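S.K.: One structure, pasted below without further comment.
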Amino acid sequence: MRTSREARTHQNRLAALAGALAVSRVSPLACWFSSMLYCFGGAVLSGIMLAEPPVAPLSNGTGVMLASIIWYLVFYCPMDVVYSCAALLPLRLVLSAMKEVTRTWKVLGGVTQAHNKYKDSLLVMIAIGWARGAGGGLISNFEQLVRGVWKPETNELLKMSYPTKVTLMGAVLFALQQTHYLPLQKHHLMLFYTIFIVVNKSRMMLTGSSSSPFAPIESALYKTLFSGHSPYAALTAEVRKAGTDNGTSTGTACHATTKESEKNRSPGQKNSSSPVEGEEGSLKAKEAEDSKKIN
Amino acid sequence: MRTSREARTHQNRLAALAGALAVSRVSPLACWFSSMLYCFGGAVLSGIMLAEPPVAPLSNGTGVMLASIIWYLVFYCPMDVVYSCAALLPLRLVLSAMKEVTRTWKVLGGVTQAHNKYKDSLLVMIAIGWARGAGGGLISNFEQLVRGVWKPETNELLKMSYPTKVTLMGAVLFALQQTHYLPLQKHHLMLFYTIFIVVNKSRMMLTGSSSSPFAPIESALYKTLFSGHSPYAALTAEVRKAGTDNGTSTGTACHATTKESEKNRSPGQKNSSSPVEGEEGSLKAKEAEDSKKIN
Amino acid sequence: MRTSREARTHQNRLAALAGALAVSRVSPLACWFSSMLYCFGGAVLSGIMLAEPPVAPLSNGTGVMLASIIWYLVFYCPMDVVYSCAALLPLRLVLSAMKEVTRTWKVLGGVTQAHNKYKDSLLVMIAIGWARGAGGGLISNFEQLVRGVWKPETNELLKMSYPTKVTLMGAVLFALQQTHYLPLQKHHLMLFYTIFIVVNKSRMMLTGSSSSPFAPIESALYKTLFSGHSPYAALTAEVRKAGTDNGTSTGTACHATTKESEKNRSPGQKNSSSPVEGEEGSLKAKEAEDSKKIN
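Which chain is which? The protein sequence lines are V, Y and S, in order.
Going by my numbering, the first sequence wraps up at 295, each residue one higher than the last.
Going by my numbering, the second sequence wraps up at 590, each residue one higher than the last.
Going by my numbering, the third sequence wraps up at 885, each residue one higher than the last.
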């Protein structure tokens, strides 16, 4: 099961690469803009959220120039030397570790920027820190649109990837530190957080596992908060009642729904310790099921 | 006809509920964010329109906390007590009436905010007042996107719902009052408008009718302004001429088109007094028809 | 080949007109809003990019009133007099020339506005000048969404139209002039640029050709920069390796890929001198091909 899913993930990644290749061939400009959105997505998104010019990253000439040169070399270098080198595991490991280090700075920058504008608002700090650190992922729907791809059925809120999760965790920690709820000094927190994300990223790359270290916590949180006894029975009952071809709704609505919701939940929890991670694609399946029930 | 449409609307509502249930199960975060966009959509939209931070609603800690608690109770309360209670008619009536009262405040707030920035511009005041009061509906395409749903063929401008219409009317009235074109005192207008929307909403909920009180006015306006004699004949004629399999275009283009446009219009006006309301889905049908004619 | 493509383009234009007609009939408000986005799209887009109120164009009462009157006359004038007149070639020629003259002013306005905020940033000036001058095209995806149309597979970055290209060129020239890299006086540059775009537009309208005057430059640039020897061989090789039903991958990956990329590139370059122009639709084809290879 796990191997087939990994193979699927690998194929998806290759399909995405192939799409990116086609775009780089058809329209270098769209390819460049999409890459820049990926690099500076956090600054663009946090700029929009704070009503500061989202065009600001372009004014940082050196940064854009550097990103553009690397973009050019990755996509158009003769003999594809640059991509081939960067794809080698040791170099990829070093580059990924460096990327994770910048994540700490981005998150901290976002939290500080929000703190300057909204002194006491923990939520705003978390939101801006998260947006700054994981912007490329959060606006992925629109980054894809630049390349002519549109996948509305998926986004980083519906199914968070590991970088998005770890950035959210960092934003929460730094915001708590900033408001002195977390009794730690800033540079200590930065050190601990950076070590954690670098070690974790390296471990994931070396073992090839995509299991999140948060899976047990997530699972516990999910079970505690979001799956009480027979949740939203009345809603589901009404949905059920609408199914006219469903002749078996004889038991009490509440009881029937409890069983049904257990049944609905079981696939996600058998296959994986984290329901959010494990329910890959089950949203679609469920919607199909629901619409079947209704029609 | 009407009953079947109402049944369809009810089924659509149930399908939407089922989708919301699936999202609340798969990703509580996406569900929460979508709910917050629904609650604070007006503030977010008017913030973007006036280049003020759209993240500002998050800084109102009490409001977000209250909305989050209610969101949590509606979706995850044990035994689904909260939703079941709120779904009872008397309580729903009270809650809806209270919601309509807040609409007055939202519209007025938007108009005042715009008046502070753009002294004399009636249009900006109307736009901001409308956006503030009906924001959740106007950004519904993007609110749906958060939940992985994408329905580009429909939006609140193409087919306005009753709340969006009544908010637009309110924004126009308050903007006229603000610029002293309407010889009424502000608190009188607020009182009259609030009574009108509360009474109207209650009437609609009690009778279960979805007929808008503006239907006659809309119909009259539409007939006067937007359906002159043989409108856009030349355009339609050109579209016609492109249809090569259409051997009957012998009459003068203008005459033929007049008849054709009458024919096109008739379904919408037979079925309903309001063409905008009644032409539900006819846009799709027309486009199919048009493309048939062309190809 | 060329004739059939032109016929297709004409049919697409008619289909778009038919869609616009349907929208103007079903929802005059959506039609009006879409038209206003088309007129003031540049101001809206550059406003968002510089964190200035995108609602500002609405505060220019005279402009909106004028645009609205023309919109009304084009869509709803009795006997369709206005559209018929405007569709006559001599009048269309004059109107188009006037539209091109305003383009100079828009681009210059955008560049100056950006220069006031970001003194030394060439990139920001180009971006804002381009957005101001070609805004309606650049946000066409969202302008279409207002009318219930969604075409994610195409946008102005993936396949630039002539007006978008000429505006980008103008933005680059005016930004270079503003930063004194271009040793020309502003009013001379304005004169030359305006004459160039007016003459070019008139030529294109009179000859009915859609060939861009930049085709040779584009082609040379593209060949020099974006199609080195065997670009991204490693990437493509990996994509190839994933294809299990492809039993012919016996040569060295690099060699095989070079040939393949040549093969992939050839259709675009045989049919047209400009690869960007000529690869119309090839993105889709390539993606289909790629996904076939992978699955």
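Beta carbons: idealized from backbone N, C-alpha and C, even for Gly.
Bear in mind that the values here come from a model prediction, so they are computed numbers and not experimental data.
#1: Which of helix, strand or coil does DSSP assign to residue 477 of chain Y?
#2: Nearest-angstrom Cα distance between residue 342 of chain Y and residue 406 of chain Y?
#3: Taking three-plus beta-carbon pairs below 8 angstroms as touching, is the segment 500-520 of chain Y in contact with the segment 425-437 of chain Y?
#4: Which of helix, strand or coil does DSSP assign to residue 261 of chain V?
#5: Using the rule of at least 16 other Cβ atoms within 10 Å of the residue's Cβ for burial, across every protein chain shown, is residue 207 of chain V buried or exposed?
#6: Under DSSP, the alpha helix (DSSP H) around residue 40 of chain V begins and ends at which residues?
#7: With a threshold of 7 angstroms between beta carbons, is residue 320 of chain V in contact with chain S?
#8: If you draw a straight line from the alpha carbon of residue 784 of chain S to that of residue 794 of chain S, how long is it in whole angstroms?
#9: Compare the C-beta of residue 152 of chain V against all C-beta atoms of chain Y and say whether one is closer than 7 angstroms.
#10: For residue 616 of chain S, which residues of its own chain have a beta-carbon under 8 angstroms away from its beta-carbon, when the five flanking residues on both sides are left out?
#11: For a contact defined as C-beta to C-beta under 7 angstroms, what are the partners of residue 159 of chain V on chain Y?
#12: Quick one: what's got a C-beta closer than 6 angstroms to residue 471 of chain Y's C-beta in the same chain, skipping five residues either side?
#13: Taking residue 735 of chain S as part of the alpha helix (DSSP H), name the residues at either end of that continuous run.
#14: Give me, in chain order, the residues of the same chain whose beta-carbon lies closer than 8 angstroms to that of residue 202 of chain V; leave out the 5 immediate sequence neighbours on both sides.
#15: Give the residues of chain S in contact with residue 416 of chain Y, contact being defined as C-beta atoms less than 7 angstroms apart.
#16: What residues from chain S crowd round residue 423 of chain Y, counting only those whose CB sits closer than 9 angstroms?
#17: Taking one C-beta from the segment 393-402 of chain Y and one from the segment 111-120 of chain V each time, how about it: are there three or more such pairs within less than 8 angstroms?
#18: With a threshold of 16 other CB atoms inside 10 Å of the CB of residue 264 of chain V, please say whether the residue is buried or exposed.
#19: How would you label residue 356 of chain Y, buried or exposed, when you count the other beta carbons within 10 angstroms and need 16 or more for buried?
#20: Measure the C-alpha to C-alpha separation of residue 758 of chain S and residue 716 of chain S and round it to an integer number of angstroms.
#21: Please report whether the beta-carbon of residue 440 of chain Y lies at a distance below 7 angstroms from any beta-carbon of chain V.
#22: Which two residues bound the contiguous alpha helix (DSSP H) that contains residue 216 of chain V?
#23: How should residue 185 of chain V be labelled, buried or exposed, when 16 other C-beta atoms within 10 angstroms of its C-beta is the threshold for buried?
#24: The alpha helix (DSSP H) that contains residue 747 of chain S, what's its start and end?
#25: Does residue 738 of chain S get closer than 7 angstroms to chain Y when you measure Cβ to Cβ?
#26: Could you give the DSSP three-state label for residue 76 of chain V: helix, strand or coil?
#27: Could you tell me which chain S residues have their CB closer than 9 angstroms to the CB of residue 419 of chain Y, listed as they occur along the chain?
#28: For residue 752 of chain S, which option in S:779, S:788, S:611 has the closest C-alpha, if you only look at C-alpha atoms?
#29: Do residue 747 of chain S and residue 29 of chain V have their C-beta atoms within less than 7 angstroms of each other?
#30: Can you list the residues of chain V that residue 328 of chain Y reaches, using a CB-CB cut of under 9 angstroms?
#31: Hey, does residue 332 of chain Y have any beta-carbon neighbour from chain S nearer than 7 angstroms?
#32: If you run the structure through DSSP and keep just helix, strand and coil, what is residue 193 of chain V?
#33: Could you check where the alpha helix (DSSP H) with residue 105 of chain V kicks off and where it finishes?
#34: Report yes or no: is there a C-beta of chain Y within less than 7 angstroms of the C-beta of residue 620 of chain S?
#35: Output needed for residue 369 of chain Y: all residues of its chain with C-beta closer than 6 angstroms, excluding positions within five of it in sequence on either side, in chain order.
M.R.: Short version:
#1: Under the three-state reduction of DSSP output, residue 477 of chain Y falls in the coil class, being neither helix nor strand.
#2: Going by C-alpha positions, residue 342 of chain Y is about 13 angstroms away from residue 406 of chain Y.
#3: Result no; under three Cβ-Cβ pairs closer than 8 angstroms.
#4: Below a pLDDT of 50, predicted positions are generally treated as unreliable, and residue 261 of chain V, at 38, falls in that range; no measurement from the model is reported.
#5: Under this definition residue 207 of chain V is an exposed residue.
#6: Here the alpha helix (DSSP H) through residue 40 of chain V covers 28-49.
#7: Shown here, chain V extends from 1 to 295; a query on residue 320 of chain V therefore has no answer.
#8: Distance between the alpha carbons of residue 784 of chain S and residue 794 of chain S: 15 angstroms.
#9: Judged by the 7 angstroms Cβ criterion, residue 152 of chain V is in contact with chain Y.
#10: Answer for residue 616 of chain S: no residue qualifies.
#11: What residue 159 of chain V touches in chain Y, judged by beta-carbon distance under 7 angstroms, is 322, going in chain order.
#12: Around residue 471 of chain Y: 477.
#13: 730-736 is the span of the alpha helix (DSSP H), which, as asked, contains residue 735 of chain S.
#14: Taken in chain order, the residues that qualify are 93, 96, 97.
#15: 648, 649, 651, listed in chain order.
#16: Residues of chain S passing the Cβ test: 645.
#17: With the cut-off at 8 angstroms, the segment 393-402 of chain Y and the segment 111-120 of chain V do not touch.
#18: Residue confidence is low: residue 264 of chain V scores 38 on pLDDT, short of 50, so the model does not pin down where it sits. Its coordinate-derived value is still stated next. Its Cβ being crowded by 16 or more others within 10 Å, residue 264 of chain V is buried.
#19: Sixteen is the threshold: since fewer than 16 other Cβ atoms of the shown chains lie within 10 Å of the Cβ of residue 356 of chain Y, the residue is exposed.
#20: Straight-line spacing of the CA atoms in residue 758 of chain S and residue 716 of chain S works out to 7 angstroms.
#21: It does; some Cβ of chain V falls within 7 angstroms.
#22: Its alpha helix (DSSP H) spans residues 215-225.
#23: Exposed: under 16 other Cβ atoms inside 10 Å.
#24: Counted as a single uninterrupted DSSP element, the stretch harbouring residue 747 of chain S is not any alpha helix (DSSP H), since DSSP gives it neither H nor E.
#25: Chain Y contact via Cβ: present.
#26: In the structure shown, residue 76 of chain V falls within a helical segment according to DSSP collapsed to helix, strand and coil.
#27: When 9 angstroms is used as the limit between beta carbons, residue 419 of chain Y is near these residues of chain S: 643, 645, 646, 648, 649, in chain order.
#28: Checking every option, the nearest Cα to that of residue 752 of chain S belongs to S:788.
#29: Pairing residue 747 of chain S with residue 29 of chain V gives a Cβ-Cβ distance under 7 angstroms.
#30: The contacting residues are 157.
#31: No, because no Cβ of chain S sits closer than 7 angstroms to the Cβ of residue 332 of chain Y.
#32: Of the three classes helix, strand and coil, the one that applies to residue 193 of chain V here is helix, per DSSP.
#33: Segment 89-117, the alpha helix (DSSP H) holding residue 105 of chain V.
#34: Yes, contact with chain Y.
#35: Closer than 6 angstroms at Cβ, skipping near neighbours: 377, 378.
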